[in-house]
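> The listed protein sequences derive, respectively, from chains A and B. Per the numbering used here, residue 400 is the first one in the first sequence, and the count goes up by one each step. Per the numbering used here, residue 400 is the first one in the second sequence, and the count goes up by one each step. Heads up, the beta-carbon is just placed ideally off N, CA and C, and yes, glycines get one too.
There are 2 protein chains.
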Amino acid sequence: MIIIDTKSKIPLYEQLYQQIKEQILSGQLTANQKLPTTRELAADYMISRNTVINAYSQLEVEGFIKSIGGSGYYVEQLNFVPPISPNPSFSYANDIVYTENIHSIYDFQYGDLDYNCYKIKAWRKCITDAFDKISLQTKLSYDSPQGLLDLRRTLSNYLYISRGVKCSPDQIIITSGHQYSLSIIANIFSSENWIFAMEDPGYNGTHTIFKQNNYSIIPVPVENDGILVPELQQLQNTLLYITPSHQFPMGSILSIAKRLAILNWAGNNNGYIIEDDYDSELRYNSLPIASLQSIDRNNRTIYLGTFSKSLSPDLRIAFLVLPETLLPLYREKYQLVNCSVPSFLQIALTDFMLSGNYQKHINTLRTHFKKKYRLIINLLKKNNSSDITIHGSDTGSHFILSINTDLDQQAIIDRFAKNNIRVYPTDIYWINKCQCPKNQILVGFGSIPIENISKGMELFLNTLNDISFKL
Amino acid sequence: MIIIDTKSKIPLYEQLYQQIKEQILSGQLTANQKLPTTRELAADYMISRNTVINAYSQLEVEGFIKSIGGSGYYVEQLNFVPPISPNPSFSYANDIVYTENIHSIYDFQYGDLDYNCYKIKAWRKCITDAFDKISLQTKLSYDSPQGLLDLRRTLSNYLYISRGVKCSPDQIIITSGHQYSLSIIANIFSSENWIFAMEDPGYNGTHTIFKQNNYSIIPVPVENDGILVPELQQLQNTLLYITPSHQFPMGSILSIAKRLAILNWAGNNNGYIIEDDYDSELRYNSLPIASLQSIDRNNRTIYLGTFSKSLSPDLRIAFLVLPETLLPLYREKYQLVNCSVPSFLQIALTDFMLSGNYQKHINTLRTHFKKKYRLIINLLKKNNSSDITIHGSDTGSHFILSINTDLDQQAIIDRFAKNNIRVYPTDIYWINKCQCPKNQILVGFGSIPIENISKGMELFLNTLNDISFKL
């Protein structure tokens, strides 16, 4: 039984095709059964013969039926006819639902920017200009697997001036984010021959990539001025991931003595250092600290950067700088892998940097973040200095707070939440979870608008007062 | 000796900082050496004392010098001082240089679109609208690791209607390209326990990802209606990559009998099928063929799609649809991995699809490509039918041409190039290179403007006449 609905938007031939197909798949029409001729079927359903021919052609092309010259159409012999199951019902369990009242909460989250301090018009213009430019060009991203040369040239100059990084554009690879950069490193090396070591605590999004790639992961404890260097001495053939400019999440700066010791270790033990310089531009009382890469003379440092912290986490543009010695290995593995960043975004970013707007934006951002940071820190110090310890270094968009309290992290977070304040755990950043102080929380100030800080901090300080011991 | 250039754009304190740092690193200033006081240095160089204080603070923060209360500043004890090497000289050997005369060549390349048939205004508007929307929202891409729910919902409906794919938005993962999708699959499974098999010839960009991830790769020969199914019988625990709707590069359609046999094989041998449906929307004489996923009742098909062929290769948006049974494994490995596609592009694409502009664009593209395809094929058949065989199926944006000639692929390509025609090799798609016919070339027609085809084909046919045997 075929039902043809002439009022449906679905073309008639498609209705016919679908129903015959379902009848074959469900076994209603059986192997070698003769189908009505196109003329008969057209007459039966009062449709044009061309409609039937179209449907039969499609079924034939797909191998459901065969035409036997002169004799007509027959159902094909199909060995296995699976039953048809109903459509799956849709569930959205794993998705976050955005509620309207999110804005009544003072959210001290990490990793985002307040768009009020954005050079938004200039950036928007770069995007539309780039879009107009690219539509006349073609598949640039296929032709430049490491990213567009213009962007890599611009970046090479910028990195030298701003971070002391010495590299040619050939050493730069543009990627769609920090984790993509890491997956390239994980692929260039191999989990069979290399160990992955990382600072503990450290960024959990880094950990996950090397775990995914089956590396053995060695945690290296962090003290006030960075990782414990003696722990490295037993490690050979190791990739060491560190955040020297601003240890994540603890906020310390790796001292030059340790930097030199780590470079020394790498040179003597076939180690490579993965230097993640994620937010070095956001430094408030001094110049950004020169990168580790800039003082490495032995090609032992892989430098990672991102535009997520300085421009937008939603841009999905990051990069890595490989030592020249690793380029042949990279090219062997990535020769046929396309760049994952749209060219028009790469062109937009290049224009944004070359026009000076990026530097202006960074300056604005720095001034803006510095104000927010100092405002928060001053309020904390004035009101609760004896109840807390602030870990950080006048840098970036977050700090860690230790509170004199018996409560654990989740209980602290819950108490803040009762006062409409969102603060965040730090235990997710510990590999050795048991080493994580119970009384620490992470406070971010990137996305909270500056005008909300005073009101938010009032509630913040009240909560602190409630939960902390008085000494 | 320090040189302060008051006319330089570099701030004075930075000049001072840099030069003292270099002197420490190069050994000119030695450990524990006392530095001039800030007052002395300011007087010596006729700069403000604050400038010197700024420079010293920076050096102290980085651990190059230490201040000893009351006594002044001293150079730190650094264990290892590497020599300073000169800047690397930049080379651009690996980059393609775009020349102006590229447009005088008739380029039958594969993988790109002619932007003349683009709904460019509607798409541009979606991009700018999305940009304006996103700038008020925040880091959406961090919150939706599988991609924005709205896009996944839209895609889920679209795939059901257009390709028969049955899936919930939960099963869809938005990625920054075909290869990124494949790397997720390579990561979910493991090269230790799984074999990767793929059609031979097949897409070399697929091969490279599984090779990178250390999989054993088994080539499965392709005949006229798709891969040789009996070859599968010896394979267990295997991921099988195929292009059923339009075999790449040979152009055949996988028959329904083979589809069922392959599904059967997968069910009985713990196999998974990676169905790459890269250009199924570009079909000229019939409906797109329903996907393999749509007739799989056993959760054995991973469906891959891309917007590279239908919208733009530069968009860098693709997706995969996982069977529900693989979702727990995926979530375990990818819980902390961010989506690599900017949200504003995801929002733009959602709007483009929901507004009906995507479907209109596909229709335009199909009509346009069909015209080009038929024009080329008719010219070939009329003029050289005895010298050539065309492999393809009225689908997509390329076909394969076998030429009656003794020349090998490179020689054929060179002869075309002499007449300003670019055609492309097929041997790069063969795993068993020796199986690749010497006399085949790949002809793409996606990017060549329709108005250039007649003139281009004149030169094309002349070349064919020159190089082929007359039978």
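(1) Between the C-alpha atoms of Gln808/A and Lys837/A, what's the straight-line distance to the nearest angstrom?
(2) Does any residue of chain A have a CB that is nearer than 7 Å to the CB of Glu459/B?
(3) If you draw a straight line from the C-alpha of Phe844/A to the C-alpha of Glu850/A, how long is it?
(4) Alpha carbons only, please: which of Ser846/A, Ala596/A, Leu858/A is nearest the one belonging to Asn782/A?
(5) Measure the C-alpha to C-alpha separation of Ile526/A and Phe743/A and round it to an integer number of angstroms.
(6) Among Ile655/B, Ser644/B, Ala665/B, Ile608/B, whose alpha-carbon lies nearest the alpha-carbon of Gln633/B?
(7) Do Ala717/A and Gly576/A have their C-beta atoms within less than 7 Å of each other?
(8) List, in chain order, every chain A residue whose beta-carbon is nearer than 9 Å to that of Tyr472/B.
(9) Rounded to a whole number of angstroms, what is the C-alpha to C-alpha distance between Gly462/A and Leu753/A?
(10) Kindly indicate which residue of Ile594/A, Ser466/A, Val621/A has the alpha-carbon position closest to the one of Asp669/A.
(11) Just list the residues that DSSP pairs Tyr472/A with in beta bridges.
(12) When you compare the segment 600-613 of chain B with the segment 639-648 of chain B, are there three or more beta-carbon pairs, one atom per stretch, that lie closer than 8 Å?
(13) Please decide whether Ser754/A counts as near chain B, where near means a Cβ-Cβ distance under 7 Å.
(14) Going along the chain, which residues of its own chain have a beta-carbon closer than 8 Å to the beta-carbon of Ala441/B, five neighbours each way excluded?
(15) Scan the segment 698-769 of chain A and note each continuous beta strand (DSSP E) run of 3 residues or more that stays entirely inside, going in chain order.
(16) Counting only C-beta atoms, is Asp599/A closer than 7 Å to chain B at any point?
(17) Take Pro485/B and list the residues in its own chain whose beta-carbon comes closer than 7 Å to its own, dropping the five residues that flank it on each side.
(18) DSSP state of Val496/A, grouped into three classes?
(19) Which residue marks the beginning of the beta strand (DSSP E) containing Met597/B, and which one marks its end?
(20) Checking contacts by CB at 7 Å: is Gln578/A closer than that to chain B?
(21) My understanding is that Ile617/A touches Ala596/A, with C-beta atoms under 8 Å, so please give their C-beta distance in whole angstroms.
(22) Quick check on the burial criterion: 16 or more other C-beta atoms within 10 angstroms. Buried or exposed for Asp805/A?
(23) Using a Cβ-Cβ distance under 7 Å, would Ala656/B count as near chain A?
(24) Which one of Asp813/A, Ala521/A, Ser543/A has the shortest CA to CA distance from Gln758/A?
(25) Which one or two residues does DSSP pair with Gln839/B in a beta bridge?
(26) Taking the alpha helix (DSSP H) that Glu637/A belongs to, which residues open and close that run?
(27) In angstroms with no decimal places, state the Cα-to-Cα distance between Leu554/B and Arg658/A.
(28) Would the beta-carbon of Tyr444/A fall within 7 Å of that of Tyr455/A?
(29) Under the assumption that Gln418/B contacts Ile401/B (Cβ atoms under 8 Å), give the Cβ distance between them as a whole number of angstroms.
(30) Give me the chain A residues within the contact set of Glu475/B, using Cβ-Cβ distance strictly less than 8 Å, ordered along the chain.
(31) So what does DSSP say about Ile483/B, is it helix, strand or coil?
(32) Determine the burial state of Leu411/A: buried for a count of at least 16 other Cβ atoms within 10 Å of its Cβ, exposed for fewer.
(33) What are the residues in the segment 603-633 of chain A lying within 9 Å of chain B by C-beta distance?
(34) Is the CB-CB distance between Asp624/A and Ser644/A below 7 Å?
(35) What is the DSSP secondary structure of Glu674/B, reduced to helix, strand or coil?
(36) Would you tell me roughly how many angstroms separate the C-alpha atoms of Ile409/B and Ile560/A, rounded to the nearest one?
Working from what's here:
(1) Taking the CA atoms as reference points, Gln808/A sits about 6 Å from Lys837/A.
(2) Output row for Glu459/B: interface = no.
(3) It is roughly 12 Å from the alpha-carbon of Phe844/A to the alpha-carbon of Glu850/A.
(4) In this structure, Leu858/A is the residue among Ser846/A, Ala596/A, Leu858/A with its C-alpha nearest to the C-alpha of Asn782/A.
(5) Approximately 7 Å, taken between the alpha carbons.
(6) The residue with the shortest Cα to Cα distance from Gln633/B is Ala665/B.
(7) Cβ atoms of Ala717/A and Gly576/A: closer than 7 Å.
(8) Here the premise fails: no neighbours, minimum Cβ distance about 14 Å.
(9) Whole-angstrom Cα-Cα distance: 57 Å.
(10) At residue 669/A the sequence reads Asn, which differs from the Asp that was named. Comparing Cα positions, the closest option is Ile594/A.
(11) Bridge partners of Tyr472/A: Ser466/A.
(12) Short answer: they touch.
(13) No, Ser754/A lies away from the interface with chain B (no Cβ there is under 7 Å from its Cβ).
(14) Scanning its chain for C-beta atoms nearer than 8 Å, with the 5 sequence neighbours on each side dropped, one finds around Ala441/B the residues Ser447, Arg448, Thr450, Val451, in chain order.
(15) Listed in chain order, they are 700-705, 717-720.
(16) Answer no: the Cβ-Cβ gap between Asp599/A and chain B never drops below 7 Å.
(17) Its pLDDT being 35, under 50, Pro485/B is placed unreliably in this model, and the coordinates cannot settle the point.
(18) Reliability of the predicted coordinates at Val496/A is poor, the pLDDT of 38 falling under 50, and the value obtained from them is presented with this limitation in mind. If DSSP states are grouped into helix, strand and coil, Val496/A belongs with coil.
(19) Residues 594-599.
(20) Between Gln578/A and chain B, the shortest Cβ-Cβ separation is below 7 Å.
(21) That pair is a contact at about 4 Å.
(22) Exposed, since its Cβ has fewer than 16 Cβ neighbours within 10 Å.
(23) Cβ-Cβ to chain A under 7 Å: yes for Ala656/B.
(24) Selected option, being the one with the closest Cα: Ala521/A.
(25) Under DSSP, Gln839/B takes part in a beta bridge, and its partners are Ser801/B.
(26) According to the sequence as given, residue 637/A is Thr; it is not Glu. Element bounds for Thr637/A: not the alpha helix (DSSP H) but the beta strand (DSSP E), 637-641.
(27) Roughly 49 Å separates the two Cα atoms.
(28) It is not a contact, given that the beta carbons lie outside the stated cut-off.
(29) For Gln418/B against Ile401/B, the beta-carbon gap comes to about 5 Å, under 8 Å, which counts as contact.
(30) Taking a Cβ-Cβ cut-off of 8 Å, the neighbours of Glu475/B in chain A comprise Ile655, Ala656, given in sequence order.
(31) The predicted model places Ile483/B with a pLDDT of 35, which falls under 50 and marks its position as unreliable, so this point remains unresolved.
(32) Flag for Leu411/A reads buried.
(33) Against chain B - using a Cβ distance shorter than 9 Å - the residues of the segment 603-633 of chain A are Asn603, Gly604, His606, Thr607, Ile608, Lys610, Gln611, Asn612, Asn613, Asp624.
(34) Asp624/A places its beta carbon 7 Å or farther from that of Ser644/A.
(35) DSSP, read as helix, strand or coil, puts Glu674/B in strand.
(36) Near 10 Å, if we compare the C-alpha coordinates of Ile560/A and Ile409/B.
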